[in-house]
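The block underneath contains the structure these notes are about, expressed in structure tokens.
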Amino acid sequence: MARPLRKVNREGVLYTRRSIVECEIDELEKISHEEIVARSIIWPKSIEGFISSETLLYFIRNTDNSWLREKLLLALLERIHRNLPKPHSLDGRTSSLSNMEIRDKVRDDFIDLLLVDQDSYEERLDYFEVNFNSALAKDRVDAQNKIQNKDNLTQGLYGEDENILPEVENALEPYDPFDANELDKEYYRRSLHEAINVLSPLQQRIVVMWCHDIPIISKDPNEMTITKTLKKSDKTIRTHRDFALAILRKQLENKEKF
3 MARPLRKVNR
13 EGVLYTRRSI
23 VECEIDELEK
33 ISHEEIVARS
43 IIWPKSIEGF
53 ISSETLLYFI
63 RNTDNSWLRE
73 KLLLALLERI
83 HRNLPKPHSL
93 DGRTSSLSNM
103 EIRDKVRDDF
113 IDLLLVDQDS
123 YEERLDYFEV
133 NFNSALAKDR
143 VDAQNKIQNK
153 DNLTQGLYGE
163 DENILPEVEN
173 ALEPYDPFDA
183 NELDKEYYRR
193 SLHEAINVLS
203 PLQQRIVVMW
213 CHDIPIISKD
223 PNEMTITKTL
233 KKSDKTIRTH
243 RDFALAILRK
253 QLENKEKF
């Protein structure tokens with residue numbers, strides 16, 4: 003019998019899986035792991051033997067077999083990618099940065115929930131077991147809104163060639179969001195932390211390494227640098243650093259107004 007869910011709704015009623023999912027779980031618990039894996043890659047759902055995403059997630063959360071968990075996770079992540087924006091623009095040739103960011107954020111946030119669930123019980127995954135596609139759609143909308151808010155913050159920072167504008171770069175030269183005097187203020191540290199969370203994962207890593215005085219490049223081949231650690235070019239690192247600093251400055255200045 004499938005392990006019951008733990009999350010309760012606002013009325014105090016326990017979340018429950020659809021009956022068809024419960025039956026599917028009971029059926030799969032009677033067959034071998036190898037057969038479950040073989041059926042996990044069946045697509046689309048109109049093909050006989052297809053396993054629902056809710057059921058795949060149930061076994062990922064509850065199996066003690068690491069091989070089975072890994073195989074089912076790969077199959078489920080493939081389905082997630084199918085339901086997220088394609089990383090191509092309308093012309094079908096160039097990549098869409100926004101679509102890539104949305105896809106990566108939804109996927110990474112889902113994996114984070116699974117990692118938490120392995121150590122304890124992550125109730126937010128219960129909704130995915132009730133209606134996987136609906137939960138995924140909600141996460142997609144949340145990611146789109148966050149990416150859009152970030153894009154709004156960067157308007158006017160870049161030229162048509164997607165390089166940071168000279169006037170913006172010049173204005174950033176004396177700016178240091180990690181000024182020791184400012185960091186002594188609790189409200190500033192809190193505001194800075196919130197502002198950093200707006201950045202993309204790459205920009206967050208660059209900013210954190212930069213504030214720890216890790217150089218972007220170095221003549222010493224043995225010295226740790228940002229370019230070597232992140233495997234990005236000098237120009238890419240500097241562009242993203244300036245991009246991130248511009249966002250931080252704009253965010254922090256907006257907070258000061260309030």
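So for the sequence shown, the numbering used here puts the first residue at 3; every next one is plus one.
Ideal Cβ placement from N, Cα and C applies to all residues, glycine included.
Check whether the Cβ atoms of residue i and residue j lie closer than 7 Å to each other.
i, j, result
"residue 145", "residue 205", "no"
"residue 86", "residue 58", "no"
"residue 219", "residue 231", "no"
"residue 4", "residue 29", "no"
"residue 253", "residue 182", "no"
"residue 118", "residue 142", "no"
Kindly list the residues whose CB is nearer than 6 Å to the CB of residue i, restricted to its own chain and excluding five residues on each side of it in sequence; keep chain order.
i, result
"residue 51", "41, 44"
"residue 84", "none"
"residue 39", "73"
"residue 137", "129, 130"
"residue 329", "Only positions 3 to 260 of the chain appear in the structure, and residue 329 is not among them; the question remains open."
Taking all protein chains shown into account, decide if residue i is buried (16 or more other Cβ within 10 angstroms of its Cβ) or exposed.
i, result
"residue 110", "exposed"
"residue 195", "exposed"
"residue 18", "exposed"
"residue 2", "Here the chain has residues from 3 to 260 only, and residue 2 is not among them."
"residue 73", "buried"
"residue 243", "buried"
"residue 179", "buried"
"residue 62", "buried"
"residue 22", "exposed"
"residue 76", "exposed"
"residue 105", "buried"
"residue 256", "exposed"
In chain order, what residues of the same chain have a beta carbon less than 8 Å from the beta carbon of residue i, not counting five sequence neighbours either side?
i, result
"residue 185", "191, 194"
"residue 225", "217"
"residue 134", "54, 55, 56, 59"
"residue 235", "229"
"residue 132", "7, 17, 18, 19, 20, 56"
"residue 203", "106, 110"
"residue 162", "At residue 162, the pLDDT of 43 sits below 50, so the modelled position is not reliable; the number obtained from the coordinates is stated separately. Taken in chain order, the list of residues that qualify is empty."
"residue 227", "216, 217, 218, 219, 220"
Excluding the 5 residues flanking residue i on each side, which residues of the same chain have their C-beta closer than 7 Å to its C-beta?
i, result
"residue 8", "123, 125, 128"
"residue 35", "67, 70"
"residue 188", "none"
"residue 64", "5"
"residue 114", "none"
What is the C-beta distance between residue i and residue j, in whole angstroms, given that I count them as a contact (C-beta under 8 Å)?
i, j, result
"residue 54", "residue 26", "6 Å"
"residue 103", "residue 149", "5 Å"
"residue 208", "residue 249", "Residue 208 to residue 249, Cβ: 12 Å. No contact."
"residue 112", "residue 82", "7 Å"
Closer than 8 Å is the cut-off here; do at least three beta carbon pairs connect the stretch 5-14 with the stretch 36-50? no
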